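A short write-up of the structure that comes next.
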Amino acid sequence: MNLEYIINITKPMLEGAQMTILLFLIAIVLSIPLGFLITVMAKSSIKWLAALANAYIYVMRGTPLLLQLLFFCFGLPLLPFVGEYLVMDRFVAACVGFILNYAAYFAEIFRGGLLAIDKGQYEAAQVLGFSRYQTTTRIILPQMFRVALPAVSNEAITLVKDTALLYAVAVPELLHFAQTAVNRDFTIVPFFIAAIIYLLMTLVLTAFFKWIEKRLTFE
Amino acid sequence: MAIIHVSNLKKSFGNLDVLKGVSFEVEKNEVVAVIGPSGSGKSTMLRSLVHLEQVNGGSIRIQDDYLVKDGAYAGSQELKRITAKMGMVFQHFNLFPHLTVQENLELAPKLVKGESDEKIRQRSNGLLEKVGLSDKAGVYPAKLSGGQKQRVAIARALMMQPDIMLFDEPTSALDPELTGEVLQVIKQLAQEHMTMMVVTHEMGFAKEVASKIMFMDNGEVIEAGTPEQLFTNPQFERTRAFLNRALK
Numbered sequence: 001m002n003l004e005y006i007i008n009i010t011k012p013m014l015e016g017a018q019m020t021i022l023l024f025l026i027a028i029v030l031s032i033p034l035g036f037l038i039t040v041m042a043k044s045s046i047k048w049l050a051a052l053a054n055a056y057i058y059v060m061r062g063t064p065l066l067l068q069l070l071f072f073c074f075g076l077p078l079l080p081f082v083g084e085y086l087v088m089d090r091f092v093a094a095c096v097g098f099i100l101n102y103a104a105y106f107a108e109i110f111r112g113g114l115l116a117i118d119k120g121q122y123e124a125a126q127v128l129g130f131s132r133y134q135t136t137t138r139i140i141l142p143q144m145f146r147v148a149l150p151a152v153s154n155e156a157i158t159l160v161k162d163t164a165l166l167y168a169v170a171v172p173e174l175l176h177f178a179q180t181a182v183n184r185d186f187t188i189v190p191f192f193i194a195a196i197i198y199l200l201m202t203l204v205l206t207a208f209f210k211w212i213e214k215r216l217t218f219e
Numbered sequence: 001m002a003i004i005h006v007s008n009l010k011k012s013f014g015n016l017d018v019l020k021g022v023s024f025e026v027e028k029n030e031v032v033a034v035i036g037p038s039g040s041g042k043s044t045m046l047r048s049l050v051h052l053e054q055v056n057g058g059s060i061r062i063q064d065d066y067l068v069k070d071g072a073y074a075g076s077q078e079l080k081r082i083t084a085k086m087g088m089v090f091q092h093f094n095l096f097p098h099l100t101v102q103e104n105l106e107l108a109p110k111l112v113k114g115e116s117d118e119k120i121r122q123r124s125n126g127l128l129e130k131v132g133l134s135d136k137a138g139v140y141p142a143k144l145s146g147g148q149k150q151r152v153a154i155a156r157a158l159m160m161q162p163d164i165m166l167f168d169e170p171t172s173a174l175d176p177e178l179t180g181e182v183l184q185v186i187k188q189l190a191q192e193h194m195t196m197m198v199v200t201h202e203m204g205f206a207k208e209v210a211s212k213i214m215f216m217d218n219g220e221v222i223e224a225g226t227p228e229q230l231f232t233n234p235q236f237e238r239t240r241a242f243l244n245r246a247l248k
């Protein structure tokens, strides 16, 4: 075991980590607004819209993410008639799965954030003459995001680790290269290196969210 | 002519009748203290005036405009225009926790009235000085005591330059030693002839500051009169019984 070997196996793993990070960024940037949209739908006074949003949350949270990924990567093309138009690049299909799944979790987190806001806030805004839109954007949302922040941070860290599920749909990423090296060289070292890379990613993410939380402490 | 004219106001929550035909008038520059036991409908009555509660019947007229006439509400634009004449102060302050004291004061004039920054800043500085909190302008509400929060809430309501100020138990959530500073601000407003309605349990304050006392019990106005009339010579047994308990 020498340094050269470690550098040699770390290189492809870092390349794989690029895929991990790319998936993470795409999923987080798109699932948070989508999740917020679902929260708004679930709170809507239009009954069928709210029911649709709740059914969506139930299905996406009630089934395994792995099943959903397999469904989007390998299941959709098997659908009769429309299947041939639904063949996506596996990475793209996996992104769709991650976005749709995480949006459901974020929707629940934001719903909790809304519940935490005292009804006195709405009353004060009404009496001061704010429109509904002004109340939502200037009074409610800033407070909701602040309340939801620790849960969002938690969810984001889970997402980093869940990217390893790409392994199961054969998209080469960090874990894929680690596993390949283990099988080829018969050593446990690549697993340790993979763990360290994951830890570094979650460390950066944790620090980032701590920084935001600190900036948004209203004291 | 009365600035607030309420007649036969009715409101129920399910089977519970909270207001059973409440009628009264408030003249310009009058300070009305509303007293009565818990659950008598005082707060509901006050909240109805700014449309925080939807009534089931009766009329509310503010100056010449009907907020609700025989149970039928004005259109939403009209509602907004009428309720804008009133400022409201809540028991639990309801300050916006994510905004500093000065931002709490300035957001509504900016967004709702669209006034110039300069004009708004001048007024907010003046009002902060008036409630004795000039040094807290950049502080978030979490750092304030209850009494300070309520003084900010009063200043925030005054920023909209209302003709009438409504106070819903403004000192009930405060520690006893902090009520004085809030009552002092309200007293000062009374001296400046602001028209006010104050729902309160502070009998001493009501006696000293109010020009009229209104006693409510069980969803009705039992009697109203000057503090002398009501405190020394109440006409109804229910008023007498309440005062005996409250003044003990």
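Chains A and B supply the protein sequences, listed in that same order.
The numbering used here puts the first sequence at residues 1 to 219.
The numbering used here puts the second sequence at residues 1 to 248.
For glycine and all other residues, C-beta sits at the position ideal for the given N, C-alpha and C.
Because the structure is a prediction, the values reported are computed rather than measured.
Annotated three-state conformation of residue 218 of chain B is coil, per DSSP. Among the bridge pairs identified by DSSP, residue 89 of chain B is matched with B/167. Following the DSSP letters along the chain, one finds residue 10 of chain B inside the beta strand (DSSP E) bounded by residues 4 to 13. For residue 7 of chain B, the CB contacts under 7 Å within the same chain, skipping 5 residues up- and downstream, are 23, 58 and 59 in chain order. If you look at residue 16 of chain B, you'll find it isn't in any alpha helix (DSSP H); it sits in the beta strand (DSSP E) that goes 16 to 26. In this structure, DSSP gives residue 167 of chain A a helical state, which the three-state scheme calls helix. Residue A/108 holds the alpha-carbon nearest to the alpha-carbon of residue 34 of chain A among A/108, A/75 and A/123. In the three-state reduction of the DSSP assignment, residue 68 of chain B falls in the strand class, which pools E and B. Excluding its 5 nearest sequence neighbours in each direction, residue 233 of chain B has no C-beta neighbour in its own chain below 6 Å. Between residue 198 of chain B and residue 33 of chain B, the gap from beta carbon to beta carbon is short of 8 Å. In the structure shown, residue 195 of chain B adopts extended strand secondary structure according to DSSP, grouped into three states. Contact note: residue 112 of chain B reaches chain A through 128, 129, 130, 131 and 134, using a C-beta cutoff of 9 Å and chain order. Between the stretch 112 to 119 of chain A and the stretch 65 to 80 of chain A there are fewer than three C-beta pairs closer than 8 Å, too few to call the two in contact. Annotation for residue 152 of chain A: no beta strand (DSSP E) segment contains it, though the alpha helix (DSSP H) segment containing it runs 141 to 162. Rounded to whole angstroms, the separation of the alpha carbons of residue 128 of chain A and residue 83 of chain B is 9 Å.
Residue burial is scored here from C-beta neighbours: residue 185 of chain A has fewer than 16 other C-beta atoms within 10 angstroms and is therefore classed as exposed. If one requires a minimum length of 4 residues, no alpha helix (DSSP H) run lies completely within the stretch 186 to 214 of chain A. Of all residues in the stretch 178 to 204 of chain B, none has a C-beta nearer than 9 Å to a C-beta of chain A.
Taking a Cβ-Cβ threshold of 7 Å, the residues of chain B close to residue 218 of chain A are 97, 98, 140 and 142, in chain order.
Inter-residue distance for residue 143 of chain B and residue 98 of chain B is about 12 Å (C-alpha atoms, whole angstroms). Contact between the stretch 69 to 79 of chain B and the stretch 145 to 157 of chain B is absent, with fewer than three C-beta pairs closer than 8 Å.
Taking CB atoms only, residue 137 of chain B has no neighbour in chain A less than 8 Å away. Rounded to whole angstroms, the Cβ separation of residue 50 of chain B and residue 9 of chain B is 14 Å, and the two are not in contact under 8 Å. When DSSP states are grouped into helix, strand and coil, residue 116 of chain A belongs to the coil group.
Taking a Cβ-Cβ cut-off of 7 Å, the neighbours of residue 120 of chain A in chain B comprise 90, 92 and 94, given in sequence order. Residues of the stretch 43 to 67 of chain B whose Cβ lies closer than 9 Å to any Cβ of chain A, in chain order: 47, 50, 51 and 52. DSSP places residue 223 of chain B within a strand segment (E or B) once states are collapsed to three.
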